[in-house]
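Chemist: The structure's right below; bear with me while I get my questions together.
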Amino acid sequence: MTDAPRVELTPAAADLLRRLRAAHGPLMFHQSGGCCDGSAPMCYPDGEFRTGQSDMLLGELRVEGVEETVAFWISTSQYAVWSHTRLVVDVVEGRGSGFSLEAPEGVRFLIRSHVVGG
Numbered sequence: 001m002t003d004a005p006r007v008e009l010t011p012a013a014a015d016l017l018r019r020l021r022a023a024h025g026p027l028m029f030h031q032s033g034g035c036c037d038g039s040a041p042m043c044y045p046d047g048e049f050r051t052g053q054s055d056m057l058l059g060e061l062r063v064e065g066v067e068e069t070v071a072f073w074i075s076t077s078q079y080a081v082w083s084h085t086r087l088v089v090d091v092v093e094g095r096g097s098g099f100s101l102e103a104p105e106g107v108r109f110l111i112r113s114h115v116v117g118g
């Protein structure tokens, strides 16, 4: 069994999070299993998205140069589908959801995944 994190950031995603943190304060992610943009990781000001019993904290992301961690929440139903993977938050050009903080930047967060042994 490995101690590798269940969720991590690419350098491009970390750079974007530093910019978003400077503009919006502490941040959080939520990954649902919904349709359309709901299947993309959504970035919000910390605490703006209300998590509940159907969500679990997958990890706390450390971003160099940012004091606090960025919580990464996932719906338990989506975790059940992705429990065998390590999630990697990346960023690509293109418009994502209007609800996620990166939308005005002309980029969007997305998940890349790697199968992990169990």
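Per my numbering, the sequence shown runs over residues 1 to 118. Even for Gly, the Cβ is constructed at its ideal location relative to N, Cα and C. Given the structure is predicted, the values throughout are model-derived calculations rather than measurements.
Can you tell which of I74, A80, E105 and V70 has the C-alpha that lies nearest to the C-alpha of A14?
Modeler: It is V70 whose Cα lies nearest to the Cα of A14.
Chemist: Taking R21 as the reference, give the member of H114, S77 and E67 with the closest Cα.
Modeler: It is E67.
Chemist: Could you check where the beta strand (DSSP E) with S83 kicks off and where it finishes?
Modeler: Where S83 is concerned, there is no enclosing beta strand (DSSP E), given that its DSSP letter is neither H nor E.
Chemist: If I measure Cβ to Cβ from M57 and keep anything under 7 Å in the same chain, skipping five residues before and after, which residues do I get?
Modeler: It should be pointed out that residue 57 corresponds to Leu in this sequence rather than to Met. Within the same chain, L57 has close Cβ partners A71 and W73.
Chemist: Have a look at Q78, V107, V81 and S113 and flag the residue whose alpha-carbon is nearest the alpha-carbon of V88.
Modeler: Residue S113 is the option with its Cα nearest to V88.
Chemist: From H30 to G117, what distance separates their C-alpha atoms?
Modeler: In a straight line, the C-alpha of H30 is about 24 Å away from that of G117.
Chemist: Would you report the Cα separation of I111 and T10, rounded to the nearest angstrom?
Modeler: So the alpha carbons of these two residues sit roughly 10 Å apart.
Chemist: Under the rule that 16 or more other beta-carbon atoms within 10 Å means buried, what is P41, buried or exposed?
Modeler: Buried, because 16 or more other Cβ atoms sit within 10 Å of the Cβ of P41.
Chemist: The ligand HEM heavy atoms versus the CB of G52: any closer than 7 Å?
Modeler: Looking for the ligand HEM in the displayed structure turns up nothing, as the structure carries no ligands at all.
Chemist: Alpha carbon to alpha carbon, what distance is there between C43 and D37?
Modeler: Residue placement at D37 cannot be trusted, given a pLDDT of 49 that sits under 50; the coordinates are not used to answer.
Chemist: When we look at the beta-carbon of Q53 and count the other beta-carbons within 10 Å, is it buried (16 or more) or exposed?
Modeler: Q53 should be labelled exposed.
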